[in-house]
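Chains as they are written, first to last, in numbering that gives the first Met the number 0: chain A, 0 to 268; chain B, 0 to 268; chain C, 0 to 268; chain D, 0 to 268; chain E, 0 to 268; chain F, 0 to 268.
For each residue, glycine too, the CB sits at the ideal point set by N, CA and C.
6 protein chains.
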Amino acid sequence: MSKPFRRILLTGAAGGLGRQLRGPVKDFADVVRLADIADMGEAQEGEEIVQCDLADRDAVLRMCEGVDAVLHFGGISTETPFAPIMNANILGMVNLYEAVHKHGIRRVVFASSNHTMGMYRTTDMVDATMPLRPDGYYGVSKVFGESLSRFYWDRFGIETVCIRIGSCFPEPANRRMLSTYISLDDLVELLRCSLTAPRVGHTITFGVSDNPSVWWDDRHARHLGFVPKDNSAKFASMFPAGDYPPVDDLATIYQGGGFLYSGPQYPQE
Amino acid sequence: MSKPFRRILLTGAAGGLGRQLRGPVKDFADVVRLADIADMGEAQEGEEIVQCDLADRDAVLRMCEGVDAVLHFGGISTETPFAPIMNANILGMVNLYEAVHKHGIRRVVFASSNHTMGMYRTTDMVDATMPLRPDGYYGVSKVFGESLSRFYWDRFGIETVCIRIGSCFPEPANRRMLSTYISLDDLVELLRCSLTAPRVGHTITFGVSDNPSVWWDDRHARHLGFVPKDNSAKFASMFPAGDYPPVDDLATIYQGGGFLYSGPQYPQE
Amino acid sequence: MSKPFRRILLTGAAGGLGRQLRGPVKDFADVVRLADIADMGEAQEGEEIVQCDLADRDAVLRMCEGVDAVLHFGGISTETPFAPIMNANILGMVNLYEAVHKHGIRRVVFASSNHTMGMYRTTDMVDATMPLRPDGYYGVSKVFGESLSRFYWDRFGIETVCIRIGSCFPEPANRRMLSTYISLDDLVELLRCSLTAPRVGHTITFGVSDNPSVWWDDRHARHLGFVPKDNSAKFASMFPAGDYPPVDDLATIYQGGGFLYSGPQYPQE
Amino acid sequence: MSKPFRRILLTGAAGGLGRQLRGPVKDFADVVRLADIADMGEAQEGEEIVQCDLADRDAVLRMCEGVDAVLHFGGISTETPFAPIMNANILGMVNLYEAVHKHGIRRVVFASSNHTMGMYRTTDMVDATMPLRPDGYYGVSKVFGESLSRFYWDRFGIETVCIRIGSCFPEPANRRMLSTYISLDDLVELLRCSLTAPRVGHTITFGVSDNPSVWWDDRHARHLGFVPKDNSAKFASMFPAGDYPPVDDLATIYQGGGFLYSGPQYPQE
Amino acid sequence: MSKPFRRILLTGAAGGLGRQLRGPVKDFADVVRLADIADMGEAQEGEEIVQCDLADRDAVLRMCEGVDAVLHFGGISTETPFAPIMNANILGMVNLYEAVHKHGIRRVVFASSNHTMGMYRTTDMVDATMPLRPDGYYGVSKVFGESLSRFYWDRFGIETVCIRIGSCFPEPANRRMLSTYISLDDLVELLRCSLTAPRVGHTITFGVSDNPSVWWDDRHARHLGFVPKDNSAKFASMFPAGDYPPVDDLATIYQGGGFLYSGPQYPQE
Amino acid sequence: MSKPFRRILLTGAAGGLGRQLRGPVKDFADVVRLADIADMGEAQEGEEIVQCDLADRDAVLRMCEGVDAVLHFGGISTETPFAPIMNANILGMVNLYEAVHKHGIRRVVFASSNHTMGMYRTTDMVDATMPLRPDGYYGVSKVFGESLSRFYWDRFGIETVCIRIGSCFPEPANRRMLSTYISLDDLVELLRCSLTAPRVGHTITFGVSDNPSVWWDDRHARHLGFVPKDNSAKFASMFPAGDYPPVDDLATIYQGGGFLYSGPQYPQE
């Protein structure tokens, strides 16, 4: 069967998620251009390799040439001091959308994050229209990205699906991830829906499997057609209930979990 | 097993949906009175045939005599110049409710349409409380019908279920119908629920199967007990994703799809 | 000072409101074309007179020629049997918008009615996004008009301000009108705002003065810039409080007031 | 496998639900303390028996000593004159929370009721944020309980899950219960989720199986992780549809069903 | 001018607010029956005196005989241990509504309190549909009263206006009262509106003047026609701004103010 | 009368708004520290002058030393290429909040902008909870600032009032500003309220006078106590209504007005 696209770009291809996605995204295009600031090894069949610093405007412009659609997984994905986050996630995002605009690329799938809303409580139900409450510099940088892509849709008609990805690991690493878990298969299916839906405008969706405990209501993205197949129930026994966590445990109170402890509150000299 | 009603009336019995429903609705009543302006052939066992122009007030009054409940599928179901729509869908609707009122009939199931909201975008999630946005004269006539039946409920206690039917065909005819598809079995089940629920007041429901891509949120009709059994996933491969549709393609932008091109904008001399 | 328009059309110029508005609207245009099915007397300076049946498509087309904007006050404004309402308020509305479309007229101000929502209770607060609940055939015909004009905006970009007019009389005639009263001056100012605001899209506004008792929340039309100067407080002593009305008095329960008793429930042979 | 708690308290252990839960709740703790004003028979292995009048403050204080969490099913569960409801459900609730507070117990699961909202209509969809509309003194007493526990959370950080339990019987006893049915297994699972979720704050949830006809939207409690396994579809044939109920049948109009006929309207001398 | 009522009942006539209202309410009725558990002195012209314990069912029944409408200001109005609150505000409220029901009285104006929502933050905007968050036993007892009166409206058609009164004192006693202040004149006008509006159903309104700082949105009671004439701006200079209050000052964080420190947290032996 | 603060900091003191505010803000503190990257002239009595580049972390840290509260008007306030906006409005904002955090400053008043929501239409009513829709890089940078300050409130308890300032000029420069106008006096009063309210948490408010035409609903900031005294009605005659603007005039369609034409769409080599 022919593939839906001729060439798509996957940024962040050397990162944690990028490496997992490198194989599966080949189903979406005849050629997958892989980009990262780090080394990605040899190009395999159907791959192109572009090493690129997102903060380098001209390099980003070249990276986007001839591309039909972008899966933007590049940038910093943890809490760090602000400077590297600014370069990769803020300046890099501006560079990307200027390049997308100039090359006439029609759609971007942007790896946003649940940390855009990490200061909601674990008893809250959040949907895509509610005010954002990031849990650190990383989260604020993703708010910037969502807002920038909204502007590019409203003003220039460039479509973006912002996926607020939960926790995409083979297994949940802690009890919180029973709520935020997304399997790799579900994430790949969500990418497929995001890339191929006839029209997405500016859609914000929550990247999460069909877990028993739910924090996020994806009703505003149901047009994408994403139906998760996996859920975290099978991992529940890894985290047996016991005593209640301490009442002042930020990682239990807030959806952001451990990120609450890794943000800008620590000395950054 | 005995049937829930003695006699129900199915209007529009010679129309596209009416012909498909003629058989299945026999499960709902000992006698099904079939009505249409067109020829319906011979009455079968358990059937009564009444040829009737909905614009003829006296004929409609006679048509409704002795009936326990009405399935109102009569009228025009495509975009046409306004005159025939007015006669069948507006005057006909008034005639019907006056007759229902005079005969003391307690409940009507009204075939409304997704074209009452066809000017919402394909990225919108619409529920039953949101303002209507019809996509042509046909859609506006269905808005009239929903509003008239709301009045008859508020003022006289006559119950109506308005079903905003999606696309009831054996197979989707285009990619849009992956979102609007309803199988005949699901539609029949929805009719059953609408007819037999103990109390419906004035309920607006969306007639659609459990499709992956969802535009409509049926939360305000969950009391009916309708649980769709089918979905359009099995037809997805009929419409492989390819290049994005033109940015100005009204049939992709708006939920109304092709109806956007068949409305009153064309010369109607 | 020069007037904002060259020529505007006032339909229903021989009706109750039309006669009151005939003078004041002259401030809005060099020429006011007055139209009605009834006799309007002689044209005064700055006036043109066109006698026209709204149900006559060709006559309506001629009526609209050369017009910059329309104040549509024509049609039936009380509860009657359905036939005349259909001709004037439904067919007439379609004829008007087809003519507006063909002549490239950019904006209509439509005299809708509080009877589009007369089945809300007098303890309800209604805004422009809530589902309509008409209180009779007249109210349903105005729902049709609002919905038709919404379609013409969504599909063709013709702007309409729908004014759900309360009770525009020199004095309230009953206690209900303490809530629905709008002075003529306030109505004229609301027309001025509706005609001259730079952009109105499809705006629904409530035509009511700044009365102490409020049923309608106009928040979705605040962009028009209408600030009422009058209110009904000065009339309160005309209706001293006394015993409570009977518990089953429809005119007290529902916002529609006396219209509840004049609708289709009576024999209409 | 070790059990999540050392000792939990089940009040109302001799009541209708209490007797059914006595066995299953043993999975939640090494020791289950059973309490009731009525006789509960002999303590079985892993059980402690405390006979206690909830209106007796000191007794309630002793009842709560050494407990990790409380399942509060005690009190009156039907419509009666107000005095016994006040003693058991109002004074008893205050006594319980004062004891919980003094002993430092962290969490309560409170058996609230669908009768806190029994005056909503059977065509309404109710969620946990909507104003309560009780259907009698019993319902009002449960409103008190929900509100008191909200205060204890807001002010003192004591967590409560309020379960608005539907109808927990082996089989629905009437057609209404097709909407309100919850199987015992589903109720036990909901208790397990309520007891063991890492953080619940003050959660209001609807205790109901996955029935076809739905009146309640549990979206604000999805963090609990409760996924019902049963539904009432298998009982539908017990209540075949027939003639519509009388239009003024309170038990069909309102969600409270038969409770509408057992409240304070009857002489209570 | 004749007065709107023949006889109204004012309970709590010896209390803080009752004494202030005793004079002004004479404008509402030919006879004002004053009731309290405490001594009220001699009856003046147009007054009747009834000493009555609200917890005494028979006495309450007699107190209500021959009355057209009730202003219910009786009961405990501060934070105390639960027993007296239960007797006066809970049992007393039930006794009152049973008496109102039996005597066929059509309307009650109930002095509810801002302490039904005292655990909202001083940066929150609260309206009448939001979940209640009381700040102590007093507040919870008022939640009970609002809920009980809702039941009597839904089930028996007895109308109630619940006034969540702010702070009715000659002058604000602290900075918080700049937000909660209501002048006596405004309160009297709100009582007049509540008593004389043609229909109120079950209305919840906020008893507050037109103060610059607003915590409560009265939009759902605008039908009453209450327009406050006073505001707290003139008192602002009594409380000059200075250093910010301590971050953990409950009386600044929560709307309930000082009540946060007087509730059930203190030993109550 | 003593002033509420000992020392406040006004950043951007050499900018358009800063120069106007330099005098009036002296009422708020014994000492006003003025900061800007540009020259501010001589310090007057009660002033301190600090020249500071917001992108210089150490300089910002020094700038904030000994300050009780911050009025942050610094940064770029027009549409420019992204680099200077990033330095001043993004990196500068991070530097400011890190300094505020380290020095224990309790409150910031942040000059956000209506351009955070410039892509809403001029017929929309926007409130503080709706998703942001910036109209260019400047607007996106202000979204970043609002989100960063939300994080510092949620995580560290540092209070911020974000003022989405409209158009603060002596006179409106065009018709759009009849909707966005705020007088200098009203802005100063809003600053006073924002600085001195006992508690603001993270408040978003709209900086606009009481104009006839309203786009923004400030209900979520009513606790601040800001009551505008001025409005734009007196300027209306400067912009007489005439022909409607072209249908595709972005500056009429969108709230952002002329900013729509100055953003990143132009070549920026």
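Buried or exposed (CB count within 10 angstroms, at least 16 for buried), residue i
i        : result
Tyr260/C : exposed
Pro197/B : buried
Gly269/D : Outside the modelled stretch of chain D, which goes from 0 to 268, sits residue 269/D, for which no answer is possible.
Gly14/F  : buried
Glu170/E : exposed
Gly206/C : buried
Ser1/B   : exposed
Gly45/E  : exposed
Pro239/F : exposed
Val246/A : exposed
Arg175/F : buried
Leu173/A : It should be pointed out that residue 173/A corresponds to Asn in this sequence rather than to Leu. Exposed, by the Cβ-count rule.
Pro266/B : Only weak support exists for where Pro266/B lies, its pLDDT of 44 falling under 50; the coordinates are left without a value.
Beta carbon of residue i nearer than 8 angstroms to that of residue j
i        : j        : result
Met92/A  : Gly144/A : yes
Leu194/F : Phe27/F  : yes
Gly117/F : Phe258/F : yes
Phe101/C : Leu60/C  : Checking the sequence shown, residue 101/C turns out to be Lys, not Phe. Closer than 8 angstroms, so yes.
Val30/F  : Val69/F  : no
Arg163/D : His201/D : no
Asp123/E : Arg218/F : no
Leu177/C : Ser212/C : yes
Val160/E : Val108/E : yes
Gln306/C : Asn113/C : Here chain C comprises residues numbered 0 to 268, so residue 306/C is not present and cannot be evaluated.
Ser146/D : Leu131/E : yes
Ala127/D : Ala220/D : yes
Pro263/C : Glu78/B  : no
Trp214/C : His222/E : yes
Other residues of its chain near residue i: CB distance less than 6 angstroms, five sequence neighbours each side excluded
i        : result
Ser208/A : Tyr180, Ile181, Ser182, Asp185, Pro227, Asp229, Asn230
Glu268/E : Confidence at Glu268/E is low in this model, with a pLDDT of 37, below 50, so the placement of that residue is unreliable and no value is reported for it.
Gly74/F  : Ala87, Asn88, Gly91
Contact belief for residue i with residue j at Cβ below 8 angstroms, rounded distance in angstroms
i        : j        : result
Ala42/A  : Leu9/A   : Rounded, the Cβ-Cβ distance is 12 angstroms, inconsistent with contact.
Val142/B : Pro133/B : 5 angstroms
Asn94/C  : Arg56/C  : 5 angstroms
Gly224/E : Cys192/E : 5 angstroms
Ile252/E : Arg105/E : Wrong, their Cβ atoms sit about 41 angstroms apart, outside the cutoff.
Leu53/D  : Cys167/D : 21 angstroms between Cβ atoms; not a contact.
Contact set for residue i: own chain, Cβ-Cβ below 7 angstroms, skip 5 residues either direction
i        : result
Tyr48/F  : A small fix is needed here, since residue 48/F is Ile in this sequence, not Tyr. Once the five neighbours on either side are set aside, the close Cβ partners of Ile48/F are Leu33, Met39, Ala42.
Ala12/E  : Arg21, Leu33, Ala34, Asp35, Met39
Gly272/E : Here chain E covers residues 0 to 268 and nothing more, so residue 272/E does not appear.
The segment 84-101 of chain F in contact with the segment 132-141 of chain F per 3-pair CB rule at 8 angstroms: The segment 84-101 of chain F makes contact with the segment 132-141 of chain F; the number of CB pairs closer than 8 angstroms reaches 3 or more.
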